[in-house]
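Q: Mind looking over this structure? Questions follow.
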Amino acid sequence: MNIIQTKNTAFRNKIIDLYIESFSKGLSAQYIDNIELEKYINRFFEEGEILISLSNNELSGALLYCPLENDDLFPAEIRNNFDIKKSAYIAEIMVGEQFRGKGIGTQLINAFFNTIDKNTFSDAFIRVWDKNTQALSLYEKAGFKNVASICQEKKKPDGIGTFEMKKIYLHKKIN
Ligand SMILES: CC(C)(COP(=O)(O)OP(=O)(O)OC[C@H]1O[C@@H](n2cnc3c(N)ncnc32)[C@H](O)[C@@H]1OP(=O)(O)O)[C@@H](O)C(=O)NCCC(=O)NCCS
Numbered sequence: 031m032n033i034i035q036t037k038n039t040a041f042r043n044k045i046i047d048l049y050i051e052s053f054s055k056g057l058s059a060q061y062i063d064n065i066e067l068e069k070y071i072n073r074f075f076e077e078g079e080i081l082i083s084l085s086n087n088e089l090s091g092a093l094l095y096c097p098l099e100n101d102d103l104f105p106a107e108i109r110n111n112f113d114i115k116k117s118a119y120i121a122e123i124m125v126g127e128q129f130r131g132k133g134i135g136t137q138l139i140n141a142f143f144n145t146i147d148k149n150t151f152s153d154a155f156i157r158v159w160d161k162n163t164q165a166l167s168l169y170e171k172a173g174f175k176n177v178a179s180i181c182q183e184k185k186k187p188d189g190i191g192t193f194e195m196k197k198i199y200l201h202k203k204i205n
């Protein structure tokens, strides 16, 4: 397995497929609008950074990040307590189902801290559903600490009706 930082659009559709696989089923399943998703993923090619893991040349995981200012949901307590202009936001981290539990998520986070431009960013944030215990324990092991929370309204997988998710913002200093 190796991790690379890339803006190669040849990976775009594979990243979109990985997103759909990660967030359209299971406990956190939600409605995914394919056109909106494509626009969303394109933003990381334009204004963010992308780390991907390749296992035998196959895309096995991805971590997408951008300036925290691109996230329109972070609450005031983060703005009041941190230097927003120097904050990075890990917007997505996802590992293909068949590759989970092998340390790839941990290695993507390590690669993030090893490659991020430390002149631009001093703080890292991540947002996670409070019931996503796998992701929470991954971030806590990586040294992230809970600093704020929000309630987010999401569309149910069938697109009819909504449900609420409590999301936690976690923070770690970039050294
Ligand atoms: C969360 C996710 C990225 C973890 O990736 P991963 O490559 O499986 O993680 P790792 O193998 O590096 O495991 C790191 C830690 O996560 C936790 N973890 C991973 N799989 C777990 C499982 N099935 N059950 C409980 N904890 C688990 C453990 O604490 C693990 O540490 P350990 O191996 O020392 O016990 C992956 O499960 C995923 O893509 N999930 C769907 C997308 C998602 O929810 N992303 C996060 C949104 S905020």
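The working numbering applies: residue 31 is where the sequence shown begins, and numbers increase by one.
For glycine and all other residues, C-beta sits at the position ideal for the given N, C-alpha and C.
Predicted model, so just to flag it, every value in this text is computed and none were measured.
#1: Just to confirm before moving on: does the CB-CB distance between Q60 and K185 stay below 8 Å?
#2: What does DSSP give as the partner residues of N176 in its beta bridges?
#3: Return the residue from the list L103, F75, P105 and I108 that minimises the CA-CA distance to A92.
#4: Use the C-beta contact count for Q137: other C-beta atoms within 10 angstroms, 16 or more gives buried, fewer gives exposed.
#5: Going by DSSP in three states, T192 sits in which element: helix, strand or coil?
#6: Could you name the residues of the same chain whose beta carbon sits closer than 6 Å to that of E122, not counting the 5 residues immediately before and after it, in chain order?
#7: With DSSP run on the structure shown, which of helix, strand or coil describes F41?
#8: Using 8 Å as the Cβ pair cut-off and three pairs as the minimum, do the stretch 143-160 and the stretch 110-119 touch?
#9: For I80, which residues does DSSP report across the bridge?
#10: What number of angstroms, rounded off, separates the C-alpha of I190 from the C-alpha of I46?
#11: Does the distance from the CB of Y119 to the CB of P97 come in under 8 Å?
#12: In angstroms with no decimal places, state the Cα-to-Cα distance between N86 and Q128.
#13: Taking the straight line between their C-alpha atoms, what separation do you get for V125 and S90?
#14: When the Cα atoms are used, what is the spatial distance from F104 to Y199?
#15: For a quick check, are the C-beta atoms of E79 and Q35 less than 8 Å apart?
#16: Closer than 7 Å by C-beta to R109: which residues in its own chain qualify, once you throw out the five before and the five after it? Chain order, please.
#17: Determine the DSSP secondary structure at Q182, reduced to helix, strand or coil.
A: Reading it off the structure:
#1: The sequence position of residue 60 within the sequence shown is 30, counting from 1. The sequence position of residue 185 within the sequence shown is 155, counting from 1. A contact, by the Cβ cut-off of 8 Å.
#2: The residue labelled residue 176 in the question sits at position 146 within the sequence shown. Its beta-bridge partners are L200.
#3: Here residue 92 corresponds to residue number 62 of the sequence shown, with the count starting at 1. By alpha-carbon distance to A92, the top candidate from L103, F75, P105 and I108 is F75.
#4: Looking up residue 137 in the sequence shown gives position 107. By the neighbour-count definition (other C-beta atoms within 10 Å, threshold 16), Q137 is a buried residue.
#5: Against the sequence shown, residue 192 aligns to sequence position 162. In this structure, T192 counts as strand in the three-state DSSP scheme.
#6: Position 92 of the sequence shown, counted from the start, is the residue given in the question as residue 122. Cβ within range, chain order: L94.
#7: Along the sequence shown, one-based indexing puts residue 41 at 11. Note: F41 maps to helix in three-state DSSP.
#8: yes
#9: The sequence position of residue 80 within the sequence shown is 50, counting from 1. BP columns for I80 point to L94.
#10: As a working note, residue 190 is residue 160 in the sequence shown. As a working note, residue 46 is residue 16 in the sequence shown. Approximately 23 Å between the Cα atoms of the pair.
#11: Position 89 of the sequence shown, counting from 1, holds the residue named residue 119. Position 67 of the sequence shown, counting from 1, holds the residue named residue 97. Closer than 8 Å, so yes.
#12: Taking the sequence shown and counting its residues from 1, one reaches residue 86 at position 56. Taking the sequence shown and counting its residues from 1, one reaches residue 128 at position 98. Straight-line measurement puts the Cα of Q128 at about 13 Å from the Cα of N86.
#13: As a first step, residue 125 is located in the sequence shown; it is residue number 95 there, counting from the start. As a first step, residue 90 is located in the sequence shown; it is residue number 60 there, counting from the start. Rounded to the nearest angstrom, the two C-alpha atoms are 6 Å apart.
#14: Taking the sequence shown and counting its residues from 1, the one referred to as residue 104 is at position 74. Taking the sequence shown and counting its residues from 1, the one referred to as residue 199 is at position 169. A straight-line Cα-Cα distance of about 8 Å links F104 and Y199.
#15: The sequence position of residue 79 within the sequence shown is 49, counting from 1. The sequence position of residue 35 within the sequence shown is 5, counting from 1. Yes, they are a contact pair.
#16: Translated into positions along the sequence shown, residue 109 becomes position 79. Contacts found: none.
#17: On the sequence shown, position 152 is the one that residue 182 refers to. Strand at Q182.
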